[in-house]
Structures are given as C-alpha cells and as structure tokens.
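My numbering puts the first residue of the sequence shown at 127, with every later residue one more than the last.
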Amino acid sequence: MPSPAGPPAEAETLCCPPLTERPLSAQEAETAARMFKALGDPVRLRLFSAVASHPGGEACVCDISDVGVSQPTVSHHLKRLKEAGLLASERRGTWVYYRLEPGALAEIGRLLTSGGTG
Numbered sequence: 127m128p129s130p131a132g133p134p135a136e137a138e139t140l141c142c143p144p145l146t147e148r149p150l151s152a153q154e155a156e157t158a159a160r161m162f163k164a165l166g167d168p169v170r171l172r173l174f175s176a177v178a179s180h181p182g183g184e185a186c187v188c189d190i191s192d193v194g195v196s197q198p199t200v201s202h203h204l205k206r207l208k209e210a211g212l213l214a215s216e217r218r219g220t221w222v223y224y225r226l227e228p229g230a231l232a233e234i235g236r237l238l239t240s241g242g243t244g
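Below you can see the structure in the form of structure tokens.
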C-alpha cells in the first residue's frame with residue numbers, strides 16, 4: 127500500500143488521520159496528545175529542534191545539552207521525547223546519540239494538515 131516514493135518506515139508509524147478528515151479515536155487522541163505534550167515544553171522543543179536540524183540527522187547529547195538546564199534535566203526531557211515516539215537513541219561508548227524516529231515530523235504534519243482541498 128505505501129507508494130514507492132514514500133519511505134516504508136513512515137507508513138509504519140502513522141498515528142492519526144488529519145484532524146479535518148474525521149474525529150480521532152480514543153487511541154489516536156492518546157498518541158497525538160503524547161506527542162504534543164512532549165513538544166509543549168520549551169526545553170523539549172529546543173532539544174527536538176536541535177536533533178532535527180543537526181548535520182547528519184543525529185546528534186550526540188554532548189552537542190545539544192546547552193539549553194539552560196542541568197544535564198539530569200536534559201536527560202529527563204530527552205527520555206520524554208523518546209517515550210512520545212519522537213526520538214530514538216543509541217549509546218556509543220560513553221555518549222548517547224539521538225535521531226528523529228522515522229516519520230515523526232511527517233506524522234505531526236499529517237495530523238495538522240487539512241485533508242480537504244478547501
């Protein structure tokens with residue numbers, strides 16, 4: 127069903143239809159609310175943006191932790207972004223590297239995009 131132009135991972139992570147398409151189910155609303163709640167904190171939004179905009183599509187925690195809070199607080203916020211399904215991580219030696227979950231931005235955009243043409 128996924129088109130050859132779209133990455134398969136994106137199709138696997140679909141959360142919800144556009145808000146204008148139909149009312150969300152209880153499960154869809156829970157999933158969307160978890161994502162929006164995670165992004166609703168300014169520090170988390172800055173961390174998410176730092177990962178998303180980092181060259182190569184992933185960032186070492188050592189490169190993105192300068193957001194005005196302590197290292198334990200940065201770790202807490204990154205954990206919340208992972209729990210919301212927005213980030214993935216990988217430990218390499220003593221550092222942890224973060225990247226966006228495949229399709230996370232598309233999923234958020236799809237939810238907020240109008241399903242109709244007018």
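Glycine included, each C-beta is placed from N, C-alpha and C at the ideal position.
Q) By the 10 Å Cβ neighbour count, where 16 or more other Cβ atoms means buried, how is Leu204 classified, buried or exposed? A) In the sequence shown, residue 204 corresponds to position 78, counting from 1. By the 10 Å Cβ count, Leu204 comes out buried.
Q | Residues near Leu171 in its chain [Cβ-Cβ closer than 7 angstroms; skip 5 each side] | A | Here residue 171 refers to the residue found at position 45 when the sequence shown is read from its first residue. Result list for Leu171: Leu165, in chain order.
Q) Between Leu212 and Ile190, which are expected to be in contact by the criterion C-beta below 8 angstroms, what is the C-beta distance as a whole number of angstroms? A) Position 86 of the sequence shown holds residue 212. Position 64 of the sequence shown holds residue 190. Actually they do not touch by this definition, with Cβ atoms about 14 angstroms apart.
Q. Any beta-carbon of chain B closer than 8 angstroms to the one on Leu212?
A. Going by chain labels, chain B is absent from the structure shown, which holds only one protein chain.
Q: Would you mind giving the Cβ-Cβ distance between Val177 and Leu226, rounded to the nearest angstrom? I have them listed as a contact below 8 angstroms.
A: Position 51 of the sequence shown, counted from the start, is the residue given in the question as residue 177. Position 100 of the sequence shown, counted from the start, is the residue given in the question as residue 226. With a Cβ gap of about 6 angstroms, Val177 and Leu226 count as contacting.
Q.
Please report the straight-line C-alpha distance between Ala214 and Cys141, rounded to a whole angstrom.
A. Here the question's residue 214 lines up with position 88 in the sequence shown. Here the question's residue 141 lines up with position 15 in the sequence shown. Between the C-alpha atoms of Ala214 and Cys141 there is a straight-line separation of about 17 angstroms.
Q | Thr147, DSSP secondary structure in three states | A | As a position in the sequence shown, residue 147 is number 21, starting the count at 1. Residue 147 is actually Glu in this sequence, not Thr. Under the three-state reduction of DSSP, Glu147 is assigned to coil, being neither helix nor strand.
Q: Within the region 191-240, note down every full beta strand (DSSP E) run reaching 3 residues or more, in order along the chain.
A: Correct list: 213-218, 221-226.
(Q) What would DSSP say about Cys142, mapped onto helix, strand or coil? (A) Looking up residue 142 in the sequence shown gives position 16. Three-state result, Cys142: coil.
**Q.** DSSP beta-bridge partners of Ala185
**A.** On the sequence shown, position 59 is the one that residue 185 refers to. Ala185 pairs with Tyr224.
(Q) Buried or exposed for Arg218, going by 16 or more other Cβ atoms inside 10 Å? (A) Against the sequence shown, residue 218 aligns to sequence position 92. Counting the other CB atoms within 10 Å of its CB gives Arg218 a total below 16, which places it among the exposed residues.
Q. Roughly how many whole angstroms lie between the Cα atoms of Ser196 and Arg206?
A. The residue given as residue 196 occupies position 70 in the sequence shown. The residue given as residue 206 occupies position 80 in the sequence shown. Pairing Ser196 with Arg206, the inter-Cα distance amounts to about 16 angstroms.
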